[in-house]
Each structure stands twice: as C-alpha cells, then as structure tokens.
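K.L.:
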Amino acid sequence: MNKKIRKSILVFIIYLLNQPTIVAQELEPRAYSSAPTGLNFAVIGFQHSEGGLLFDPALPVTDASSRTNVSVTGYLRTLDVAGMSAKAGIVLPYATLYAQGLVDGEFRIRDTKGLADPALYFSLNFYGAPALNLKEFRTYKQDTIAGFTIKVTPPLGHYDKDKLINIGTNRWSIKPELGVSKAINRWILEGSLATTFYTKNNEFDTSKTRHQEPVYSMQGHLTYTFKNKIWLSYGVTYFTGGETRVDGVVSNDLQNNSRTGFTAAIPVNKYNSIKILMSAGLSTRTGTDYDSIGVFWQYRWGASL
483 MNKKIRKSIL
493 VFIIYLLNQP
503 TIVAQELEPR
513 AYSSAPTGLN
523 FAVIGFQHSE
533 GGLLFDPALP
543 VTDASSRTNV
553 SVTGYLRTLD
563 VAGMSAKAGI
573 VLPYATLYAQ
583 GLVDGEFRIR
593 DTKGLADPAL
603 YFSLNFYGAP
613 ALNLKEFRTY
623 KQDTIAGFTI
633 KVTPPLGHYD
643 KDKLINIGTN
653 RWSIKPELGV
663 SKAINRWILE
673 GSLATTFYTK
683 NNEFDTSKTR
693 HQEPVYSMQG
703 HLTYTFKNKI
713 WLSYGVTYFT
723 GGETRVDGVV
733 SNDLQNNSRT
743 GFTAAIPVNK
753 YNSIKILMSA
763 GLSTRTGTDY
773 DSIGVFWQYR
783 WGASL
C-alpha cells in the first residue's frame with residue numbers, strides 16, 4: 483500500500499473519531515433559564531444519528547457514512563452561588579458506532595461500542611436570575627439573563643490505543659461559553675458564543691500524537707412556551723476551526739459547518755417531563771452531515787416540590 487493510500491485511510495479514521503454524536507456541537511435551548519435552588523434532575527434518554535462523511539475532494543474516500551446510537555444518563559442540581567442562580571451536572575453516555583466507506587476503492591467498516599467520555603457541567607447566571615427558593619420563584623418573571631457555562635470532558639471513555647476507531651477520545655476538552663437569554667411575553671430569544679479547547683492524544687494509532695485546534699461555535703434559539711407549560715424551540719448553530727495534526731502533519735479538515743433543529747419539552751406532571759429533539763445539517767464543508775433524533779425522560783425532586 484503506497485503512502486498516499488495510507489494517508490487517506492488515516493484521514494478517514496480521523497474523521498470518524500470526530501463523529502459528532504459523541505463529541506457533539508449540539509443545539510441546547512434554554513441553557514440559561516432560571517430555576518428554584520435546591521432542585522435535582524435525573525435524566526435518561528436515547529439519541530440516534532446517521533449520515534454521510536464529507537472529505538476533501540482530492541482524497542480517494544467515497545460513499546462514507548456513519549451511524550451511532552447513544553444512551554444517556556445524567557444528573558443536575560440547581561445551586562445558590564453568592565446569591566446567583568447556578569447549575570452543576572454530569573452526563574454519562576454509552577455509545578455504539580458503525581462506520582463504512584470506500585478508501586481508494588477498498589471497502590472498510592468499523593463496528594464498536596462502549597462507554598463514551600462523560601461531561602461535567604457548571605453554569606452561573608450572573609445577571610438577571612438571582613438565586614430564589616421555590617416560594618420566591620413563583621413570583622419571578624424573566625427579563626434578560628446573562629451567564630456562562632464551563633463544560634469539561636475527561637478522557638474516561640473506552641479507548642484502545644491499538645485501534646484507530648474508538649468511542650473514547652483519550653484527551654481532555656474544555657468548553658467555556660457565554661450566553662444571553664431575553665424573555666418577551668411567552669417568547670424567549672437566546673444566543674451564545676463558545677470555544678472548545680483540546681489536549682493532545684499521545685496514543686493515537688498506538689504511539690502517534692494527534693492535536694486538534696480549538697473549535698469556535700455560536701448558537702441561537704427562539705422558544706415559545708404554551709399555557710400548559712409545553713415549550714417548543716427552534717435553533718441554529720454554526721461552528722468552525724478544529725483542524726487536526728498527526729505527528730505534526732496538518733490534515734485538510736478545517737470545519738465550517740452549521741446545523742438546525744427543533745426541541746420540544748412536554749410536562750407529564752410536576753415531577754416528570756419528556757423532551758424530544760430533532761436536528762439536521764444545514765451546510766457541511768468537512769466532517770459529518772448527519773440527521774439526529776432523541777427522546778429523553780426527566781425526573782425532578784427537592785426544593786419542597
């Protein structure tokens with residue numbers, strides 16, 4: 483196998499490792515909404531994603547696609563931090579991944595499963611959303627909220643350094659974000675800016691070093707809440723950057739992609755609710771052009787509900 487084909491296969495694998503269901507640039511409406519302090523939220527859910535993989539036309543990679551299923555368990559608690567409302571949480575995903583494609587005419591597949599990297603969250607609303615107990619919150623009306631979020635992903639997912647495709651990424655990532663939320667009657671308009679930073683993976687393909695540049699992203703959402711407390715949101719996200727290097731060799735994989743989607747939340751009673759989400763790619767320069775659908779159940783308790 484000549485060097486060109488070997489390099490093409492390596493680039494193909496790198497794209498699969500960037501599979502967005504696991505390392506997602508997902509739409510997150512109402513990320514900066516306020517809630518009474520002392521509430522606990524438990525979440526379980528399932529998300530299915532599938533679609534094509536788009537490459538530099540100069541590379542001999544064709545008919546590439548991937549399919550993933552992710553089961554999610556999560557926990558979140560609302561907090562009082564110096565009189566400001568805050569949230570802290572953790573998400574634990576388990577994923578299965580199937581990918582296939584032609585590399586210089588040779589058909590290749592990969593079918594794997596395991597624990598994906600967990601995510602730790604902390605968000606603080608520093609303007610417009612004071613920390614309130616349940617009784618105080620009943621008279622609160624949102625106007626403008628501003629806040630920030632930190633998301634940290636430790637390398638705890640399943641990773642085998644002798645395999646090119648893994649569920650875990652074998653590297654840390656940290657994503658700081660600033661967001662604003664504005665309420666106008668039953669409508670909420672939101673926007674956020676974020677940057678995701680990555681550490682190196684020093685065990686890529688056994689002993690190679692893989693480095694990824696930061697990914698810059700922005701989101702916008704428009705949400706409407708009905709009288710029965712069901713809410714529906716439409717959102718758009720755009721992200722760019724993320725070019726990779728393997729042992730110093732730059733890959734032509736700069737991302738310049740956008741996605742759109744809908745999210746609906748349906749209260750069952752004061753303790754339980756169901757969330758349904760659907761998203762699709764608007765434009766994709768390189769990477770994955772996928773469609774996604776997910777269903778999540780949420781149970782809340784505490785704060786003298």
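According to this note's numbering, the stretch in the sequence shown is residues 483 to 787, in order. Just so you know, even glycine gets a beta-carbon here, dropped at the ideal spot from N, CA and C.
(1) In terms of residues, what are the limits of the beta strand (DSSP E) holding L602?
(2) Mark R668 as exposed unless 16 or more other C-beta atoms lie within 10 angstroms of its C-beta, in which case mark it buried.
(3) With a floor of 3 residues, list each beta strand (DSSP E) that falls wholly inside the segment 677–723, ordered by position along the chain.
(4) For E695, I'd like the list of residues in its chain whose CB is within less than 7 Å of its CB, leaving aside the five on either flank, ordered along the chain.
(5) Please report how far the alpha carbon of A746 lies from the alpha carbon of Y580, in whole angstroms.
(6) Would you grab the beta carbon distance between Y576 and S553 for me? Rounded to a whole angstrom, and I think it's under 8 Å.
(7) Report all residues from its chain with a CB closer than 6 Å to the CB of T578; omit the five preceding and five following residues, and keep chain order.
(8) From this set, F608, K643, R549 and D545, which residue's C-alpha is nearest G565's C-alpha?
(9) In whole angstroms, give me the CA-to-CA distance for Y680 and L602.
(10) Can you tell me where the beta strand (DSSP E) holding K633 begins and where it ends?
(11) Helix, strand or coil: how does DSSP classify L671 here?
(12) Below 8 Å CB to CB, which residues in the same chain sit around L614 once its five sequence neighbours on both sides are set aside?
(13) P511 bridges to which residues according to DSSP?
(14) Closest by CA to S755, which one among F630, E659, F778 and R692?
(15) Three-state secondary structure (DSSP) at T503?
(16) If I measure Cβ to Cβ from T707 and keep anything under 6 Å in the same chain, skipping five residues before and after, which residues do I get?
(17) What's the C-alpha gap between A506 and G702?
(18) Give me the Cβ distance between A598 and Y557, rounded to the nearest whole Å; I'm assuming they're in contact under 8 Å.
(19) In the DSSP assignment, find the alpha helix (DSSP H) that holds E588 and state where it starts and stops.
(20) Can you check whether the CB of T678 is closer than 9 Å to the CB of V662?
(21) Quick check on Y753: buried or exposed, where buried means 16 or more other Cβ atoms within 10 Å of its Cβ?
(22) Near E672, what residues of its chain come up, given a Cβ to Cβ distance below 6 Å and the 5 sequence neighbours on each side ignored?
P.N.:
So, to answer that:
(1) As a first step, residue 602 is located in the sequence shown; it is residue number 120 there, counting from the start. It spans A601 to Y609 - the beta strand (DSSP E) in which L602 sits, taken as one unbroken run.
(2) Here residue 668 refers to the residue found at position 186 when the sequence shown is read from its first residue. That one is exposed.
(3) 683–686, 690–694, 697–707 and 713–723
(4) Mapped onto the sequence shown, residue 695 falls at position 213. Same-chain partners within the cutoff: G723, G724 and E725.
(5) For the purposes of this step, residue 746 is taken as the residue at position 264 of the sequence shown. For the purposes of this step, residue 580 is taken as the residue at position 98 of the sequence shown. Near 28 Å, if we compare the C-alpha coordinates of Y580 and A746.
(6) Numbered from its first residue, the sequence shown carries residue 576 at position 94. Numbered from its first residue, the sequence shown carries residue 553 at position 71. With 8 Å as the limit, Y576 and S553 qualify as a contact, their Cβ atoms being about 5 Å apart.
(7) As a position in the sequence shown, residue 578 is number 96, starting the count at 1. The answer, listed in chain order, is N551 and K595.
(8) Within the sequence shown, residue 565 is the residue found at index 83, counting from 1. The candidate whose alpha carbon is nearest that of G565 is F608.
(9) Along the sequence shown, read from residue 1 onward, the residue named residue 680 stands at position 198. Along the sequence shown, read from residue 1 onward, the residue named residue 602 stands at position 120. Rounded to the nearest angstrom, the gap between the Cα atoms of Y680 and L602 is 15 Å.
(10) In the sequence shown, the residue the question calls residue 633 occupies position 151. Looking at the DSSP string, the run of the beta strand (DSSP E) that includes K633 is T626 to T635.
(11) Along the sequence shown, read from residue 1 onward, the residue named residue 671 stands at position 189. In this structure, L671 counts as strand in the three-state DSSP scheme.
(12) Mapped onto the sequence shown, residue 614 falls at position 132. The answer, listed in chain order, is S516, P518, T519, S567 and Y622.
(13) Counting from one through the sequence shown, the residue named residue 511 turns up at place 29. None; P511 has no bridge partner.
(14) If you number the sequence shown from 1, residue 755 lands on position 273. For S755, the nearest C-alpha among the options comes from F778.
(15) Numbered from 1 along the sequence shown, position 21 holds the residue referred to as residue 503. Confidence at T503 is low in this model, with a pLDDT of 40, below 50, so the placement of that residue should be treated as unreliable; the coordinate-derived value is given next. Of the three classes helix, strand and coil, the one that applies to T503 here is coil, per DSSP.
(16) Within the sequence shown, residue 707 is the residue found at index 225, counting from 1. Once the five neighbours on either side are set aside, the close Cβ partners of T707 are R668 and W713.
(17) On the sequence shown, residue 506 is found 24 positions in, with the first residue counted as 1. On the sequence shown, residue 702 is found 220 positions in, with the first residue counted as 1. For A506, the predicted structure reports a pLDDT of 49, less than 50, and the residue's modelled location is therefore unreliable. A value from the coordinates is still provided. One C-alpha to the other measures close to 16 Å.
(18) Reading the sequence shown from its first residue, position 116 is the one you call residue 598. Reading the sequence shown from its first residue, position 75 is the one you call residue 557. In fact, because the Cβ distance is near 16 Å, the residues do not count as touching under 8 Å.
(19) For the purposes of this step, residue 588 is taken as the residue at position 106 of the sequence shown. It is not in any alpha helix (DSSP H) - E588 instead sits in the beta strand (DSSP E) that spans E588 to L597.
(20) Counting from 1 along the sequence shown, the entry for residue 662 is found at position 180. Counting from 1 along the sequence shown, the entry for residue 678 is found at position 196. With respect to T678, V662 sits apart: the two C-beta atoms are not nearer than 9 Å.
(21) One-based indexing of the sequence shown puts residue 753 at position 271. Y753 comes out exposed.
(22) Mapped onto the sequence shown, residue 672 falls at position 190. S663 and H703, listed in sequence order.
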